[in-house]
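Heads up: the sequence shown begins at 0 in numbering that gives the first Met the number 0, then just goes up one per residue.
Beta carbons are placed, not taken as given, at the ideal position from N, Cα and C, and that holds for glycine.
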Amino acid sequence: MALRKIREMGDPVLTRKCKEVTEITPRIQELIDDMFETLYDAEGVGLAAPQVGILKRIVVIDVTGDDPILLINPKILETSGEQEGYEGCLSVPGKSGIVTRPNYVKVLAYDENMKAFELEGTELLARALCHELDHLDGHLYVEKVEGPLVNNEDLRDAEEE
Ligand code: NI
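In structure tokens, the structure reads:
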């Protein structure tokens, strides 16, 4: 396993549409392992393959730090409700902005054996699913931000007051 370099906003790879995965080759398995290692190293909640420069429809998410989720070729089946809150991205380091997302999301995806499964998420998981799936179509959360991007230090200071 190895850490991969996280691409940052401004890198054109983050604006491209990713291709579906057709089979889990050793190269893809290595990519998945590296994506989890890179996610945990960066202390993120989710990471999509284009963020490490690979235009494939692969996402890793862990909203608790102890619940790794791999999604291959994920598709949103259903959404409901609404949540408004701060969102950040490993490709936009140190910043956050307010984004409105569904409060419930149901996704169809494939696992590391290319077996289909459904996943339901609410709150932070629903937000992470929407955010990461957007990456696969070349979209960053900053396109959906209401109001200014803020520095994470300022957010933390505000929370402590
Ligand atoms: Ni992101």
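{"query": "Is it true that the CB of Leu148 sits closer than 7 angstroms to the CB of Lys94?", "result": "yes"}
{"query": "Return yes when at least one heavy atom of ligand 1 lies under 6 angstroms from the C-beta of Cys129, else no.", "result": "no"}
{"query": "DSSP on Ala48, reduced to helix/strand/coil?", "result": "helix"}
{"query": "Give me the DSSP bridge partner(s) of Ser90.", "result": "DSSP, once it has assigned bridges, lists no residue as partnering Ser90."}
{"query": "Which one of Lys114, Ile75, Asn112 and Ala115 has the shortest CA to CA distance from Arg100?", "result": "Ile75"}
{"query": "Please go through the same chain and pick out, in chain order, the residues whose beta-carbon is closer than 7 angstroms to the beta-carbon of Leu89, but skip the five residues on each side of it.", "result": "Ile5, Ala41, Gly43, Leu46 and Gln50"}
{"query": "Taking 6 angstroms as the cut-off, is the C-beta of Cys88 nearer than that to any heavy atom in ligand 1?", "result": "yes"}
{"query": "Using three-state DSSP, classify Ala1 as helix, strand or coil.", "result": "coil"}
{"query": "Can you give me the C-alpha to C-alpha distance between Tyr103 and Asn72, rounded to a whole angstrom?", "result": "19 angstroms"}
{"query": "Quick one: give me the first and last residue of the beta strand (DSSP E) that Tyr109 is part of.", "result": "Tyr103 to Tyr109"}
{"query": "Just the C-alpha distance for Ile60 and Tyr109, rounded to the nearest angstrom, thanks.", "result": "14 angstroms"}
{"query": "Starting from Thr37, follow the alpha helix (DSSP H) in both directions and report where the run begins and ends.", "result": "Pro25 to Asp40"}
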